[in-house]
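Undergrad:
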Amino acid sequence: MSPAAAGGRPAPGHAAADGGGLLAWIAIVVLMAMQLPAPGSASAQYPPARRVNQVDVYHGTAVADPWRWLEETDSAETAAWIAAQNRHTDRHLAALPGRDHFASRLRALLDHERRGLPDRENGVYAWTWNPGQAEQDVLRIARDPAEAGTVLVDPASFNADGTVSLGEFKLSPDGSLLAYSLSDGGSDWKTWRVRDTATGRDTGDVLHGTKFTAVSWSRDGAGFYYSRYPGDTDQGYDDGRQVAVYYHLLGTAQVADRLIHAITDHPTRDPYAEVSTDGRFLILSIEDGYESNGIYYQRLLTGRDGELVRLLDRWDGRYEFLGAEAEFFYFHSTQSAPRGRIIAVSLDAPEPEHWREVVPESSAAIASAALIGGRLLLEYVQDAHAEVRLYKTDGEPAGVVDLPGQGSVTGFPGTPENPETFFSYTDFTTPRAVFRLDTASGSVAPLPAGKHAVDPARYLARQVFYTSRDGTRVPMYLVHRRDLVPDGRQPTVLYGYGGFNVSLTPAFSAARMAWIEAGGVYAQANLRGGGEYGEAWHLAGTRLNKQNVFDDFIAAAEWLIANGVTSPDHLAIWGGSNGGSLVGAVLNQRPELFAAAVPAVGVLDMLRYQTASLNARKWGSDFGLSDDPAEFAVLRGWSPYHNIREGHCYPPVLVQADANDDRVVPWHSYKYAAALQAAQAAAKDCGRPVLIRIETRAGHGAGASLSKLVDEYSAQWAFVAAATGLAVRQGP
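In our numbering, the protein residues as written are 71 to 802.
#1: Figure out for me which residue from Asn156, Asp472 and Ala792 has the closest Cα to the Cα of Arg506.
#2: Mind the definition here: the stretch 609-624 touches the stretch 446-464 only if three or more C-beta pairs lie below 8 Å; say whether that holds.
#3: For Trp385, which of helix, strand or coil comes out of DSSP?
#4: For the candidate residues Asp698, Asp207 and Ala531, whose alpha-carbon lies nearest to that of Tyr592?
#5: Hey, would you say Gly202 sits closer than 7 Å to Ala212, going by beta carbons?
#6: Given a cut-off of 7 Å, decide if Thr496 and Ser478 are closer than it, judged by their beta-carbon atoms.
#7: Can you tell me whether Phe535 is buried or exposed? The criterion is at least 16 other CB atoms within 10 Å of its CB, across all chains shown.
#8: In the DSSP assignment, find the beta strand (DSSP E) that holds Pro545 and state where it starts and stops.
#9: Below 8 Å, how does it come out for the stretch 264-283 and the stretch 292-301: are there three or more Cβ pairs, yes or no?
#10: For the stretch 625-639 and the stretch 413-433, state whether three or more C-beta atom pairs, one from each stretch, are separated by less than 8 Å.
#11: Helix, strand or coil for Lys778? Go by DSSP, reduced to three states.
#12: I'd like the span of the alpha helix (DSSP H) that includes Trp607, first residue to last.
#13: Kindly provide the ranges of any beta strand (DSSP E) runs that are 3 or more residues long and lie completely inside the stretch 166-247, ordered along the chain.
#14: Is the separation between the beta-carbon of Asp309 and that of Thr338 shorter than 7 Å?
#15: Sort out for me which residues DSSP pairs Val415 with in a bridge.
#16: Determine which residues share a DSSP beta bridge with Lys462 and list them.
#17: Helix, strand or coil for Tyr711, going by three-state DSSP, please let me know.
#18: Identify whether Asp302 lies in helix, strand or coil by the three-state DSSP scheme.
#19: Give the list of continuous alpha helix (DSSP H) stretches no shorter than 4 residues that lie fully inside the stretch 627-691.
#20: Can you tell me whether Leu371 is buried or exposed? The criterion is at least 16 other CB atoms within 10 Å of its CB, across all chains shown.
#21: CA-CA distance, Pro109 and Ala749?
#22: Would Lys462 be called buried (16 or more neighbouring beta carbons within 10 Å of its own) or exposed?
#23: Specify the secondary structure class of Phe492 as computed by DSSP and reduced to three states.
#24: Under the three-state reduction of DSSP, which class applies to Lys741: helix, strand or coil?
#25: Would you be able to state if there are at least three C-beta pairs under 8 Å between the stretch 556-573 and the stretch 507-525?
#26: Can you tell me whether Ala788 is helix, strand or coil according to DSSP?
#27: DSSP beta-bridge partners for Trp262?
#28: Just the C-alpha distance for Pro556 and Gly634, rounded to the nearest angstrom, thanks.
#29: Residue range of the alpha helix (DSSP H) that His331 falls in?
#30: Please report how far the alpha carbon of Tyr389 lies from the alpha carbon of Ile365, in whole angstroms.
#31: Applying the criterion that 16 or more other CB atoms from any shown protein chain within 10 Å of the CB defines a buried residue, is Lys521 buried or exposed?
#32: Considering only residues of the same chain and omitting the five flanking positions on each side of Val470, which have a CB-CB separation below 6 Å?
#33: If you draw a straight line from the alpha carbon of Glu238 to that of Leu252, how long is it in whole angstroms?
#34: Determine the direct distance from the alpha carbon of Val127 to that of Ala700, and round the result to whole angstroms.
#35: Spell out a yes or no on whether the stretch 639-654 and the stretch 579-588 are touching, meaning 3 or more CB-CB pairs, one atom from each, closer than 8 Å.
#36: Which stretch, first to last residue, makes up the alpha helix (DSSP H) that contains Leu163?
In structure tokens, the structure reads:
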């Protein structure tokens, strides 16, 4: 479940700053004692959820699953339960002062021009763009990305309600066509179309049955390669089975697409295709989980394709294809290098003893790499922030890319032949901006950007290090208003992820900034399971070692309390997707540490998550699988759904779920909320609410409309403010 392939919910967006000096308080101070329902109050009477006598036996151990029926997400009974829960939650949230304030601030903080990274082919550039208040980004096109360009694709033309979003896109080699994908209602399922960049009209090509695939054009522009699930438009597509690579010839029906490669010798491996920029090779990356992969290739010969060659099929690390030069392939690899290295593999002598190490492993982990204009461009993670270095293809250092600060970078699209590339930079107080980089000279220039309301000088972001339970040194960022002096009672939100090799580096988020400018502290812990220190750091938080992630998060909370930032009465925890699992597990283990918890679109039933789809089963590389006796024992010990204590009075909890989520299916949140509500209702003299908010026209997070994001995070912050005692301030 990484954000790239398996799912991490994108961290929410940031917002604006506060003037110097204190601002007026809202007339009604938001204090927990005033906002949480009294025992026996109407808001504590949860919608009924029947229990069933479902018991499963895992390796001789009986495990009850009394809310199994909620896995039937399309049933009338589940629909009625969803409607009742949303009514119950809406009544509670409507009574909280602060929600209108947060909604207003979020809209103001998002009201600035936002642009994405350009794709370039043959002097044509295409990029996403939003003026600030549009529900969805549009796609613009121009001969120079510094120009305003013209709108080529507007998702609103497909559905005016803002629930259709633009996904991946790719220009054809001559720039005359654009393949682009659309998502409806936040679904991971994508529909691909092709648009003429000169006329702005679609060609009539429509492709279905895809989720996590990009497209790669043949260099003649006659069509493109892509991966799709088995099935058809009439009967539907089955994501419980493997994808296969197809070639779509423009002007033909999808049913006629040519099968290029399907995996027949392994039940869970998926192939994805990429054409080398010189057009000589088709590279197949074979994926199965997130620790290792295989690389196959074909020579693309005139009139026919060459033999399929299994170049790297040892499954001993990750291999990311960077580009081809003559008869050498360049890879970013973790094989024998848990923090990453760059290798060159000769097609004439591909055995490991003949590999050439171009850039060796260093003390910092390589987060990404690219081959641009004859230079290797490497993004390193150094103590949870980005550094970018350039190397020649013989490994000689060629400079360091000048970044605006210690934050995050993404991007670097391009080709080995052209030195032009683009990247975006952001940190906790700097909204994302796009820069053009020339890898030959090392020069960096910003692309035009609109003004925004955030003054970084009004905020303080600092990094601390703390010690986890087993002595491991863990970094954490703290962000708050510069005029705020933590006094041991400061309302604080602790955020974490800790999985799938994902590094949490500083990034701007309107949602987080709305909390920070209101006077809250934001803490972001860089837990094991992530990629901040390479593959060893990642593996230290997976499978049988998963408890390390929870220990790291608990230690972060204890540090915040011990060092006078906050207290258990003022500390909330929040996380999404894999981070939702984190929040649920830690809430069960140490509920006394927290004033509130927000698990969003989380994986919460750890014994059955793999039953949802083949993609979900691949998360076993991080979580482990209940099929395995040893991994079952560990999963049973921390699974959020299975470790709720009946009759225990938990802190207030707001579960966030999306009904259209087909990555982390929403029944995780449904079952967890039903179980937690039942436990809370049985607790004596416990008036703390357990709520679930279910968005019915959204998916796992990507592609959500601006209005839905504002609704979600204004509700979240009003709830957390009430629980932690944050007095919401007016104004920026």
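Glycine included, every Cβ here is placed at the ideal spot set by N, Cα and C.
Because the structure is a prediction, the values reported are computed rather than measured.
TA: According to the structure shown:
#1: Asp472
#2: no
#3: coil
#4: Ala531
#5: no
#6: yes
#7: exposed
#8: Arg543 to Arg551
#9: yes
#10: no
#11: helix
#12: Glu605 to Leu609
#13: 189-191, 194-200, 208-212, 220-223 and 234-241
#14: no
#15: Phe399
#16: Arg445
#17: helix
#18: strand
#19: 648-659 and 684-687
#20: exposed
#21: Low local confidence applies: a pLDDT of 31 at Pro109 is under 50, so the model's placement there is unreliable, with the coordinate-based value given in what follows. Near 14 Å, if we compare the C-alpha coordinates of Ala749 and Pro109.
#22: exposed
#23: strand
#24: helix
#25: no
#26: helix
#27: Ser251 and Leu277
#28: 7 Å
#29: Not the alpha helix (DSSP H): His331 falls in the beta strand (DSSP E), residues Arg328 to His331.
#30: 7 Å
#31: exposed
#32: Arg459
#33: 8 Å
#34: 15 Å
#35: no
#36: Ala146 to Ala164
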